[in-house]
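Chemist: Below is a structure I'd like to ask you about.
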Amino acid sequence: MLKMKILKPVDSLCDYTFNFCWNDSKLQPEDVIPFQEGTSITYRDLVAALKAGKDLYIDGNVGKRLAYSMGTDLKHLGGTGKIETAGNIFIEGDVEPEAGMGMVSGSLYVRGDIAEPWGNILEVTSDVTGYRKFRSITDILSNGPGQDTLKKNSLTENTLILNDGILRGTIGARCNWEGTIIVEGNVYNGTGVLMQKGTVIVKGDAGMNTGSHLDGGTVVVHGSVGEFSGAYMKDGRLAFINAKGYVGAGMTRGAVYSKKKASTSPPAAKAKLEKDDIEFIRKIMETGRVESMLYNKYEAEKEKEKFVKVHMRDGSIVMRKI
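Position 9 of the sequence shown, counted from 1, bears residue number 9 in full-length UniProt numbering, the numbering being contiguous throughout.
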């Protein structure tokens, strides 16, 4: 077990993305974590230990974004993008918001409380006295709860119902499970990010990046979605009532459905609503046939063929495809 004591809360501990350092250099993997007592552990040391299956013990309160994307072999850092095993994190204190965002494996053991919004995590019965235990939703759905029992929520063979009133983000991240997640309320950012199979149904509103990088799954929101929803979609379906911002930026495949007309970013464009689209909307949005026919559909617009004028010697003009 790797142990560390911190005197003040520090953000982005055990963050597999290193806080997206390749974009804005907020922190570097080799930076020594501040406010340590008696050790000189770096951000990379924590992630390396988890990747090796080791447990971490942190004495003190921790800041925001604990265990961001924990358990992912990230493509941005030269990895495969697939889920890998991870060790466990023990926190001898409280945890600030956005813990477990995008987390897909490993467990969090917390002596105190986790502030909302949470990430892709659920509280389960703890097997360590004095600590609360949290596991990734994706891990529980993919590998089963095992000896753990969910607290306040319910899981059957094909349906997970989240009705504990806790605001969560990145629900179903990288999920490859043929089932349905039903959220009885609102959700935070990134619902269904990189989801390959399964369905997330939100009975309230959703935040930014809803269905972003969606890769085959289905995300349904019975309310509004925030900015950048459906961005970089690779496949799948995203449905909602209305969008507070632009949708579909950089999408390559898949479909976005909106009851109210949505503002799109290239290459997303209005598409024809087909019979199977209407049946999908009718079922998933719980609407009548006529109302389903009024939804707007958006897909990645195919690049139009480009032509150039070629002046021939006889004075004629020929349009030649580039």
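Positions of the beta carbon are idealized from the N, C-alpha and C atoms, including for glycine.
Classify Glu305 as helix, strand or coil using the three-state DSSP reduction.
Modeler: Its pLDDT being 46, under 50, Glu305 is placed unreliably in this model, and the coordinates cannot settle the point.
Chemist: How many Å lie between Thr125 and Ile284 at the Cα?
Modeler: 33 Å
Chemist: Please classify Glu30: is it buried, with 16 or more other beta-carbons within 10 angstroms of its beta-carbon, or exposed?
Modeler: Using a 10 angstroms sphere on the CB of Glu30, the tally of other CB atoms stays under 16, which defines it as exposed.
Chemist: For Val225, collect the residues of the same chain with a Cβ closer than 6 Å to its Cβ; drop the 5 residues on either side in sequence, then sort them by chain order.
Modeler: Ala206, Thr210, Phe240, Ala243
Chemist: Quick one: which unbroken beta strand (DSSP E) runs of 3-plus residues sit fully inside the region 23-61? Chain order, please.
Modeler: 56-59
Chemist: Quick check on the burial criterion: 16 or more other C-beta atoms within 10 angstroms. Buried or exposed for Met251?
Modeler: buried
Chemist: Where do the N-terminal and C-terminal ends of the beta strand (DSSP E) with Phe280 fall, by residue?
Modeler: That residue, Phe280, is in no beta strand (DSSP E); its alpha helix (DSSP H) goes 275-284.
Chemist: How close, in whole Å, do the beta carbons of Thr138 and Ala173 come, if the pair is a contact with beta carbons under 8 Å?
Modeler: That pair is a contact at about 6 Å.
Chemist: Of the residues Ala231, Met4, Met103, which one's Cα is nearest the Cα of residue 330?
Modeler: The first residue shown for the chain is 1 and the last is 322, placing residue 330 beyond what the model contains.
Chemist: Would you tell me roughly how many angstroms separate the C-alpha atoms of Asp215 and Lys234, rounded to the nearest one?
Modeler: If you take the alpha carbons of Asp215 and Lys234, they lie about 5 Å apart.
Chemist: Would you tell me roughly how many angstroms separate the C-alpha atoms of Gly78 and Ala52, rounded to the nearest one?
Modeler: 17 Å
Chemist: Look at the alpha carbon of Gly245 and the alpha carbon of Val62, and state the distance between them as a whole number of angstroms.
Modeler: 33 Å
Chemist: Hey, how far is the Cα of Ile161 from the Cα of Thr129?
Modeler: 27 Å
Chemist: Does DSSP put Arg237 in a helix, in a strand, or in coil?
Modeler: strand
Chemist: So for Arg132, helix, strand or coil by DSSP?
Modeler: strand
Chemist: Taking C-alpha atoms, which residue in Asn88, Leu66, Pro267, Lys64 lies nearest to Asp55?
Modeler: Asn88
Chemist: Are Val95 and Ile121 closer than 8 Å when you measure CB to CB?
Modeler: no
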